[in-house]
Amino acid sequence: MIKKMTCISCPIGCELTVFVNGEIKVEGNRCPRGLEYAKNEVTNPKRILTISVKVEDGVMELVSAKTDKPVPKKMLHEIIEYIKGLKIKAPVKRGDIIVNDILSTGANLVATRTVLKKD
Amino acid sequence: MRREKVDVLIVGGGAAGLAAAISATKEGVKTVLLERDRSTGGVLNQCIHNGFGLHVYKEELTGPEFMERMWDELKEDVIRPNYTVLEIKPKTREVVTLSEEGLVIFEVKALVMATGARERPLSSLQIPGSRVAGVYTAGVAQKMVNIYNRLPGRKVLIVGSGDIGLIMARRLKIEGMDVVGVVEIMPEPGGLIRNVVQCLEDFEIPLWLSHTVVEIHGDQRLNAVTIAKVDKNKKPIPGTERKIKVDTLVTSVGLIPQNELIEGFVEMDPINKGPIIDEFMRTSIKWIFAAGNNVAIHDLVDFVYEEGKIAGYYAALISKNEKLPDSDKRFLRGQNVGVLLPQRFSQKKSFKIYLRPLKSFKKSILKFDDKVIRKFNWRIRPSEMIDLVVKDFNNFGPNVTVEVNEID
Ligand SMILES: Cc1cc2nc3c(=O)[nH]c(=O)nc-3n(C[C@H](O)[C@H](O)[C@H](O)COP(=O)(O)OP(=O)(O)OC[C@H]3O[C@@H](n4cnc5c(N)ncnc54)[C@H](O)[C@@H]3O)c2cc1C
Ligand code: SF4
Numbered sequence: 001m002i003k004k005m006t007c008i009s010c011p012i013g014c015e016l017t018v019f020v021n022g023e024i025k026v027e028g029n030r031c032p033r034g035l036e037y038a039k040n041e042v043t044n045p046k047r048i049l050t051i052s053v054k055v056e057d058g059v060m061e062l063v064s065a066k067t068d069k070p071v072p073k074k075m076l077h078e079i080i081e082y083i084k085g086l087k088i089k090a091p092v093k094r095g096d097i098i099v100n101d102i103l104s105t106g107a108n109l110v111a112t113r114t115v116l117k118k119d
Numbered sequence: 001m002r003r004e005k006v007d008v009l010i011v012g013g014g015a016a017g018l019a020a021a022i023s024a025t026k027e028g029v030k031t032v033l034l035e036r037d038r039s040t041g042g043v044l045n046q047c048i049h050n051g052f053g054l055h056v057y058k059e060e061l062t063g064p065e066f067m068e069r070m071w072d073e074l075k076e077d078v079i080r081p082n083y084t085v086l087e088i089k090p091k092t093r094e095v096v097t098l099s100e101e102g103l104v105i106f107e108v109k110a111l112v113m114a115t116g117a118r119e120r121p122l123s124s125l126q127i128p129g130s131r132v133a134g135v136y137t138a139g140v141a142q143k144m145v146n147i148y149n150r151l152p153g154r155k156v157l158i159v160g161s162g163d164i165g166l167i168m169a170r171r172l173k174i175e176g177m178d179v180v181g182v183v184e185i186m187p188e189p190g191g192l193i194r195n196v197v198q199c200l201e202d203f204e205i206p207l208w209l210s211h212t213v214v215e216i217h218g219d220q221r222l223n224a225v226t227i228a229k230v231d232k233n234k235k236p237i238p239g240t241e242r243k244i245k246v247d248t249l250v251t252s253v254g255l256i257p258q259n260e261l262i263e264g265f266v267e268m269d270p271i272n273k274g275p276i277i278d279e280f281m282r283t284s285i286k287w288i289f290a291a292g293n294n295v296a297i298h299d300l301v302d303f304v305y306e307e308g309k310i311a312g313y314y315a316a317l318i319s320k321n322e323k324l325p326d327s328d329k330r331f332l333r334g335q336n337v338g339v340l341l342p343q344r345f346s347q348k349k350s351f352k353i354y355l356r357p358l359k360s361f362k363k364s365i366l367k368f369d370d371k372v373i374r375k376f377n378w379r380i381r382p383s384e385m386i387d388l389v390v391k392d393f394n395n396f397g398p399n400v401t402v403e404v405n406e407i408d
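Listed in order, the protein sequences are those of chains Z and Y. Quick note on UniProt numbering: the first sequence kicks off at 1 and runs consecutively. Quick note on UniProt numbering: the second sequence kicks off at 1 and runs consecutively.
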């Protein structure tokens, strides 16, 4: 089986041709991450999720956050709904873990900005 | 009114301005960065998605992370928030600003312009229909959702498939809006393909290429739009109209460099829509430098950061009365070259040039005069800026024509 796809691991966006016959072979990638991406894409596609989380008592109402590892694409919806139900207390620092091992994906939800406490 | 003397004054605290502040302060000169907002970061503040910093920090960061990394790098407290620059007087090197304390006039030795870009409004598309509520530019919608925690409506159509439009399609969907689709007048998406994949395909949002909005319906609030297919000349094809019920329209039809403060006296490039600059990021006025989206629209913050660093460094040198070589050589646009910078150079050191091809090419070569400089075995597109380091200029005359051509 031959599949065409675009590597989304970096903004260059290489156009990959993926040969899936037992072993997975890739053409068109300009770096090794393309191979990695293609392998995941045919077996279990994953994405980093970026989102925001509600904050109480902060100088901002929201803190931006991301999963520190890609999470299965098919779980995105479930993870998004879970995060929407959260509310955390300020202060939050960039890098703080908001949720450990979110929905058992092995990925943590971490803050991507600093939100100080409102005075 | 108060007066203040500074060596390097930086106007704008986005990625370009912050990078300029990092390098200027390292040179030990008195530096001040003016930002009209209450905090710095510029568009990075609201870009909570990832894709920033792969070149500079060797990591894939979100916008706010990239911003805070720059804050960490900036060791001196030189940022003055809530300062709007009103006027620059080229003869006296005075910069007139308005802040909470009233008018402040800075007397500067060197200036770095880092005012970024603004969004092209919907009115530039000239769509018939009354002016209704519910129409937002993508950047405004992004700020509402990511900073102020407000949704612009329930059901939305996005016009324009630039990166901001694609990113907002996904963002609004994640926040629970019904995103009916993205219309794009061109036959190809305007943004990066990675964004088409991870923002639209992943979330099953349709992309209608060669389509445009032909009418806006509604009394006070938008209630529907009519879209239609367009022909090769971007004219709507009669009979292809389709009315779609939406209460929100988000437009992403491009950014325009902001140069009102300098365009009256600095030489401008009509294609880049920014000042003509050299490899030191210096404009046609010897003490005015520029970097970032006001010079030309960039899709990568990393390039903006690199430019800011260069501008800040050389502005600091100029403020210490050091001489820079004359940039008496020029790059001229040949076939298929759109955005191009720098336009001038001095040939003293190696430097980077950036360009955008006018069309998409499967395989192509880049030539300086008749000499092949680079071969692209991969597709290049107008939406992705190309960067390359230029080293050896000994074989070129004072005018170098840059061109891109298709090969088999
Ligand atoms: C939605 C969006 C998504 C993007 N996605 C990516 C991505 O995934 N990866 C990536 O690498 N890049 C991305 N970019 C590009 C990159 O982020 C920008 O090119 C870069 O951040 C622009 O920086 P800048 O400093 O030139 O401009 P800006 O960030 O616009 O900063 C300009 C600053 O100047 C201030 N200013 C303007 N006029 C005045 C005045 N008169 N007085 C005082 N202050 C003034 C403004 O308030 C602002 O803070 C994206 C850009 C956008 C808009
Ligand atoms: S293969 Fe490498 S260079 Fe190409 S898009 Fe993927 S990560 Fe980027």
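Here a beta-carbon is modelled for each residue, glycine too, at the ideal position from N, C-alpha and C.
Practice problem: Report, in whole angstroms, the separation of the C-beta atoms of residue 105 of chain Y and residue 112 of chain Y, which I expect to be a contact under 8 Å. | Solution: In this structure residue 105 of chain Y is not in contact with residue 112 of chain Y, their Cβ atoms being roughly 18 Å apart against a cut-off of 8 Å.
Practice problem: Provide the residue span of the alpha helix (DSSP H) that contains residue 368 of chain Y, from first to last. | Solution: Per DSSP, residue 368 of chain Y belongs to no alpha helix (DSSP H); it is in the beta strand (DSSP E), 364-368.
Quiz prompt | First and last residue of the uninterrupted beta strand (DSSP E) at residue 257 of chain Y | solution = Note, residue 257 of chain Y: beta strand (DSSP E), 255-257.
Quiz item: By a C-beta neighbour count over all protein chains shown, 10 Å radius and 16 as the cutoff for buried, is residue 307 of chain Y buried or exposed?
Solution: Counting C-beta atoms within 10 angstroms of its own C-beta, residue 307 of chain Y has 16 or more neighbours from the protein chains shown and is therefore classed as buried.
Self-check item: Assigned secondary structure, residue 294 of chain Y (DSSP; H/G/I helix, E/B strand, else coil)
Solution: The answer is coil: DSSP assigns residue 294 of chain Y none of H, G, I, E or B.
Practice problem: Would you kindly work out how many angstroms separate the C-alpha atoms of residue 136 of chain Y and residue 323 of chain Y, rounded to a whole number? | Solution: In this structure, the alpha-carbon of residue 136 of chain Y lies about 47 Å from that of residue 323 of chain Y.
Practice problem: With a threshold of 16 other CB atoms inside 10 Å of the CB of residue 269 of chain Y, please say whether the residue is buried or exposed. | Solution: Residue 269 of chain Y is classed as buried because its beta carbon has at least 16 other beta carbons within 10 Å across all chains shown.
Self-check item: Within 9 Å of chain C by C-beta, residues of the segment 127-141 of chain Y in sequence order
Solution: Among the protein chains of the structure shown, namely Z and Y, there is no chain C.
Quiz prompt | Beta-carbon contacts of residue 230 of chain Y that lie in its chain and below 8 Å, excluding the five residues immediately before and after | solution = Correct list, in chain order: 185, 210, 211, 212, 236, 237.
Exercise. Please specify which runs of the alpha helix (DSSP H), each continuous and at least 4 residues long, are wholly inside the segment 60-101 of chain Y, giving them in chain order.
Key: Listed in chain order, the complete alpha helix (DSSP H) runs (minimum 4 residues) inside the segment 60-101 of chain Y are 63-73.
Practice problem: Work out the CA separation of residue 112 of chain Z and residue 41 of chain Y for me, nearest whole Å. | Solution: Each residue's Cα considered, the two are about 14 Å apart.
Exercise. Select from Y/176, Y/296, Y/359 the residue whose C-alpha is nearest the C-alpha of residue 189 of chain Y.
Key: It is Y/359.
Quiz item: Roughly how many angstroms lie between the CA atoms of residue 340 of chain Y and residue 159 of chain Y, to the nearest whole one?
Solution: Rounded to whole angstroms, residue 340 of chain Y to residue 159 of chain Y spans 27 Å at the Cα level.
Exercise. Compute the distance between the beta-carbons of residue 67 of chain Z and residue 48 of chain Z, then report whether it is under 8 Å.
Key: Yes, they are a contact pair.
Quiz item: Residues of chain Z with CB under 8 Å from residue 202 of chain Y, in chain order?
Solution: Those within 8 Å of residue 202 of chain Y in chain Z are 47, 73, 76.
Practice problem: Examine ligand 2 and report whether any of its heavy atoms sits within less than 7 Å of the Cβ of residue 9 of chain Z. | Solution: Residue 9 of chain Z: yes, Cβ under 7 Å from ligand 2.
Quiz item: Do residue 356 of chain Y and residue 338 of chain Y have their C-beta atoms within less than 8 Å of each other?
Solution: Their beta carbons are under 8 Å apart, which means residue 356 of chain Y touches residue 338 of chain Y by this criterion.
Exercise. For my contact list, residue 91 of chain Z and residue 109 of chain Z are in at a C-beta cut-off of 8 Å; report their separation, rounded to the angstrom.
Key: The pair is not a contact, with the Cβ atoms about 17 Å apart (cut-off 8 Å).
Self-check item: Where the beta strand (DSSP E) containing residue 354 of chain Y begins and where it ends
Solution: Per DSSP, residue 354 of chain Y belongs to the beta strand (DSSP E) from 351-357.
Exercise. Tell me whether residue 57 of chain Y counts as near ligand 2, meaning its Cβ is closer than 7 Å to at least one heavy atom of that ligand.
Key: Not so, every heavy atom of ligand 2 lies at least 7 Å from the Cβ.
Quiz item: What residues in its chain sit with their C-beta under 6 Å from that of residue 273 of chain Y, if we drop five residues either side in the sequence?
Solution: Same-chain partners within the cutoff: 257.
Quiz item: Looking only at its own chain, which residues have a Cβ that is under 8 Å from the Cβ of residue 380 of chain Y, when we skip the five neighbours before and after it?
Solution: In the same chain as residue 380 of chain Y, and ignoring 5 residues on each side of it, the C-beta atoms closer than 8 Å to its own belong to 357, 360, 361, 364, 386, 404, in chain order.
Self-check item: Whole-angstrom distance between residue 132 of chain Y and residue 38 of chain Y, CA atom to CA atom
Solution: Just so you know, the alpha carbons of residue 38 of chain Y and residue 132 of chain Y end up roughly 30 Å apart.
Quiz prompt | Between the CA atoms of residue 388 of chain Y and residue 352 of chain Y - distance to the nearest angstrom | solution = Cα to Cα, residue 352 of chain Y sits roughly 5 Å from residue 388 of chain Y.
Exercise. With residue 396 of chain Y as the anchor, note down where its alpha helix (DSSP H) starts and where it stops.
Key: Residue 396 of chain Y -> no alpha helix (DSSP H), and no H or E assigned at all.
Self-check item: Listed by chain order, chain Z residues near residue 305 of chain Y by CB distance under 7 Å
Solution: Those do not exist, as residue 305 of chain Y stays about 14 Å from chain Z at its closest Cβ, beyond 7 Å.
Quiz item: Start and end of the beta strand (DSSP E) containing residue 27 of chain Z?
Solution: Start and end: 23-27.
Practice problem: Could you check what DSSP says for residue 202 of chain Y in three-state terms: helix, strand or coil? | Solution: Residue 202 of chain Y falls in the helix class under three-state DSSP.
Quiz item: With residue 244 of chain Y and residue 225 of chain Y assumed to form a contact (beta carbons below 8 Å), what rounded beta-carbon distance in angstroms separates them?
Solution: Between residue 244 of chain Y and residue 225 of chain Y, the beta carbon gap of about 6 Å places them in contact (Cβ cut-off 8 Å).
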